[in-house]
Amino acid sequence: MSYAETIILDVQFGHAPAVVSALSGLQDVGMWATEIGYLNRITLFRTADSFEALLAGRPALLESLPKAHLERIEVTGWRVICPVLAPGSHGGVYEWRCYEARPGQMGEAELSFLAALPKRLELSSLFCALVSIEGTPRIAHVWPYADLNSRAAIRAEAVASGTWPPRMAHTLSSMQSEILLPLEASIWH
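The following block contains the structure:
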């Protein structure tokens, strides 16, 4: 089993370039800036083979953050339910989709997602799929695309096929989507 961690940084207005520069020295971390969605936000992503290893690396990573220009830091540990793509180039834009599950519905949401996934993967690759193991029960999936036009075409084809989205709306209380652009120092771009 594999685990992942997201660290969401909400940056003070006008200071994103300074924060991006300060983050450029991080090793083995994915880094994206939100282009569409919650603005002035940077998402950091890293993986580990165990939750204990993830937790062990957390203090050093949090200590390295340029806190002077941050408004908020949100940390979440995740269980990986679909393997994370290897570091490298996967697309110019990434879509982060995160759904909150209704109380007691996370198991059904996960099963519904995984049941629909094989057909969806016939259209494009998935960067990762995750289930939160801290905080609010959530399921997240991240899709890399060449560009926004490619995203629109692939999503339209997926919906037209009738196999996507997963039949899980009744298990969810909220859904969120953001378009992320990889930062130059990201190990996934």
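When you number the sequence shown by UniProt numbering, it's gap-free, plus one each residue, and the end is 189. Every residue gets a Cβ at the ideal spot worked out from N, C-alpha and C, and that includes glycine. Keep in mind the model is a prediction, meaning the values are calculated, not measured.
Alpha carbon to alpha carbon, what distance is there between residue j and residue i?
i      : j      : result
Ala129 : Ile81  : 5 Å
Asn40  : Ile7   : 14 Å
Val20  : Glu108 : 38 Å
Thr34  : Ser24  : 17 Å
Glu74  : Glu134 : 11 Å
Leu148 : Glu178 : 12 Å
Phe51  : Tyr3   : 6 Å
Glu63  : Met106 : 32 Å
Ser124 : Ser89  : 14 Å
Ala53  : Thr171 : 31 Å
Glu5   : Ala140 : 12 Å
Pro66  : Leu26  : 12 Å
If you reduce the DSSP assignment to three classes, tell me which class residue i lands in.
i      : result
His141 : strand
Gly88  : strand
Ile133 : coil
Phe51  : helix
Glu71  : strand
Pro182 : strand
Gly37  : coil
Ser161 : helix
Leu61  : helix
Ile187 : coil
Arg79  : strand
Arg167 : coil
Give me the residue from the options with the minimum Cα distance to residue i.
i      : options                          : result
Glu157 : Glu122, His170 and Met1          : Glu122
Ala185 : Met31, Leu9 and Val93            : Met31
Leu126 : Pro137, Ala116, Gln12 and Ile133 : Ala116
Ala146 : Ala48, Leu85, His189 and Ser174  : His189
Ser173 : Pro137, Gly37, Ile187 and Leu180 : Pro137
Met1   : Asp28, Asp49 and Gln12           : Asp49
Ala68  : Ala16, Arg79, Ile36 and Pro103   : Ala16
Leu180 : Gly162, Ile187, Leu111 and Trp96 : Trp96
Gly92  : Met168, Val29, Arg151 and Phe13  : Arg151
Leu9   : Arg120, Thr76 and Val142         : Thr76
In or out: residue i buried (at least 16 other Cβ within 10 Å) or exposed?
i      : result
Leu44  : buried
Tyr38  : exposed
Ala101 : buried
Pro182 : buried
Pro166 : buried
Phe13  : exposed
What are the boundary residues of the alpha helix (DSSP H) that residue i is part of?
i      : result
Met106 : Met106 to Leu121
Ala146 : Neither: Ala146 is in no alpha helix (DSSP H) and is coded neither H nor E.
Leu23  : Ala16 to Leu23
Could you pull the start and end residues of the beta strand (DSSP E) that residue i belongs to?
i     : result
Val93 : Val93 to Ala101
Asp10 : Tyr3 to Val11
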